[in-house]
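**Q** So that we are looking at the same thing, I have put the structure below in structure tokens.
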Amino acid sequence: LIAFLLYLFYLVAPIGQLVQSFTQLQNGLAAITRIREIEELPGEPTVAALRADGPPIGVTFDDVVFRYGDDRPIVHDGVSFEVRAGGLSALVGPSGAGKSTVFALLERFYSPLSGNITMSGRDIRDWDLAELRAAVGYVEQDAPVLDGTLRENLTFAAPDATEAEVRHSLARTKLDDLVARLPEGLETQVGHRGVLLSGGERQRVAIARALLRRPRLLLLDEATSQLDAVNELRLREVIAEVATDTTVLVIAHRLSTVTGADRIIVMESGRVRATGTHAELLADDDLYRELATTQFLATATP
Ligand code: ATP
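In the UniProt record's numbering, the protein residues as written are 254 to 555.
Printed below as a string of structure tokens:
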């Protein structure tokens with residue numbers, strides 16, 4: 254039974270997936286209680302143990318070949334790139350290029366057929382899985398808000414977070430004014446049965462939640478939904494702020510994100526076709542120019 258629960262834990266541990274399943278089940282905080290119950294069994298890693306500590310992580314992909322199954326087509330056909338420790342890097346490319354698969358491999362949901370992936374110079378296969386889960390934070394696209402208080406939404410994956418840490422993560426994600434506006438501040442019910450948050454606020458809540466776990470590498474799948482100009486500016490500022498002490502790798506859907514990135518990786522059909530800054534790629538890469546000037550990279554709604 255313990256082995257099964259351990260297996261279940263690792264299956265659901267990545268917070269993004271956890272949150273997604275919760276929403277699908279509409280179980281909200283009841284499911285969290287269940288996870289805590291599982292956790293209390295002897296020998297289980299605790300949620301608190303999922304909090305990382307350490308310098309930002311640099312990542313390399315070296316000629317990575319991958320497919321989702323023996324009878325499935327090749328999805329990564331020799332992917333190579335480097336993401337330096339600290340700073341903001343962006344993945345862009347048409348749908349199906351293999352961007353989300355980069356995240357799935359970094360989270361070690363799958364292993365490459367060939368090639369090597371390193372994090373902090375160490376082969377990803379040599380990382381202890383619990384250590385890796387703690388080090389890598391993931392904020393999914395259109396992150397849901399669970400039924401519960403705003404505080405519960407922030408701290409469920411870091412229950413030992415102090416009040417000061419909660420306040421700090423709110424400040425870093427520029428949510429203080431939201432808290433000031435809510436009738437009961439952090440204790441306000443949000444989600445379906447409470448105050449509904451805007452798309453931009455939801456993604457910043459998800460970032461604040463991830464930050465409380467002190468990730469050393471933050472994977473962010475930017476929301477495709479339109480944001481108003483104020484929320485877009487806020488999100489850009491928040492990403493830049495987080496990237497000062499964490500490596501941030503974002504699947505970018507917004508022009509304003511890529512223009513602020515230190516490095517952009519352009520993927521197409523399972524390969525990296527170009528890397529560079531926004532200005533370099535605009536000058537050198539036809540596909541990037543097309544992405545930047547069409548609906549692939551959205552601009553804010555005025
Ligand atoms: P998008 O912008 O649409 O999310 P992407 O660039 O992130 O696209 P991936 O999601 O990495 O691309 O998908 C690359 C290919 O792998 C696609 O053909 C997709 O259908 C396939 N794929 C992705 N996830 C899975 C999965 N879990 N099982 C099987 N095939 C998958």
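Positions of the beta carbon are idealized from the N, C-alpha and C atoms, including for glycine. Predicted model only: the values in this text are computed from it and were never measured.
#1: Give every residue of the same chain whose Cβ lies closer than 6 angstroms to the Cβ of Y541, excluding the five residues on either side of it in the sequence, and list them in chain order.
#2: Does the distance between the C-beta of Y391 and the nearest non-hydrogen atom of the ligand ATP fall short of 7 angstroms?
#3: What ranges does the alpha helix (DSSP H) occupy inside the region 433-482, keeping only unbroken runs of at least 4 residues that lie completely in it?
#4: Rounded to a whole number of angstroms, what is the C-alpha to C-alpha distance between G453 and E485?
#5: Return the CA-CA distance between V443 and F356, expressed in angstroms with no decimal places.
#6: Checking 8 angstroms against the spacing of the C-beta atoms, do A343 and I517 come in under that value?
#7: Looking only at C-alpha atoms, which of F314, F319, V345, D316 sits nearest to T510?
#8: Quick one: measure Cβ to Cβ for I310 and M372, integer angstroms, because I've assumed they're closer than 8 angstroms.
#9: Exposed or buried, E440, counting other C-beta atoms within 10 Å across all chains shown (16 or more means buried)?
#10: State the start and end residues of the unbroken alpha helix (DSSP H) segment that holds L344.
#11: What's the C-alpha gap between L403 and A387?
#12: Could you tell me the alpha carbon to alpha carbon distance between E475 and R507, rounded to whole angstroms?
#13: Taking only the alpha-carbon atoms, compute the straight-line gap between residue 556 and T415 and give it to the nearest angstrom.
#14: In whole angstroms, what separates the C-alpha of I492 from that of L341?
#15: Restricting to Cα atoms, I'd like to know which of R420, V392, S422, E384 is closest to I504.
#16: In terms of residues, what are the limits of the beta strand (DSSP E) holding F314?
#17: Kindly examine the ligand ATP and report whether one of its heavy atoms sits closer than 7 angstroms to the Cβ of V328.
#18: Would you kindly check if the distance between the Cβ of L502 and the Cβ of L470 is under 8 angstroms?
#19: Taking Cβ to Cβ, would you say N406 is nearer than 8 angstroms to V419?
#20: Please list, in chain order, all residues of the same chain as R524 whose beta carbon is under 7 angstroms from its beta carbon, the five residues on each side excluded.
**A** Here's the rundown:
#1: Same-chain partners within the cutoff: V519, L534.
#2: No, the beta carbon of Y391 sits no closer than 7 angstroms to any heavy atom of the ligand ATP.
#3: Listed in chain order, the complete alpha helix (DSSP H) runs (minimum 4 residues) inside the region 433-482 are 452-464.
#4: Taking the straight line from one Cα to the other gives about 7 angstroms.
#5: Roughly 29 angstroms between the two C-alpha positions.
#6: Between A343 and I517, the C-beta gap is smaller than 8 angstroms, which places the two residues in contact.
#7: Checking every option, the nearest Cα to that of T510 belongs to V345.
#8: Yes, I310 and M372 are in contact; Cβ-Cβ is about 5 angstroms, under 8 angstroms.
#9: Exposed.
#10: DSSP places L344 outside any alpha helix (DSSP H); the residue lies instead in the beta strand (DSSP E), whose first and last residues are 340-345.
#11: A direct Cα-to-Cα measurement between L403 and A387 gives close to 22 angstroms.
#12: One C-alpha to the other measures close to 8 angstroms.
#13: Because the chain in this structure spans residues 254 to 555, residue 556 falls outside the shown range and cannot be described.
#14: Approximately 8 angstroms, taken between the alpha carbons.
#15: Among R420, V392, S422, E384, the Cα nearest to that of I504 belongs to V392.
#16: Unbroken beta strand (DSSP E) run through F314: 312-320.
#17: Yes.
#18: Yes, they are a contact pair.
#19: It is not a contact, given that the beta carbons lie outside the stated cut-off.
#20: The residues are D330, G331, V332.
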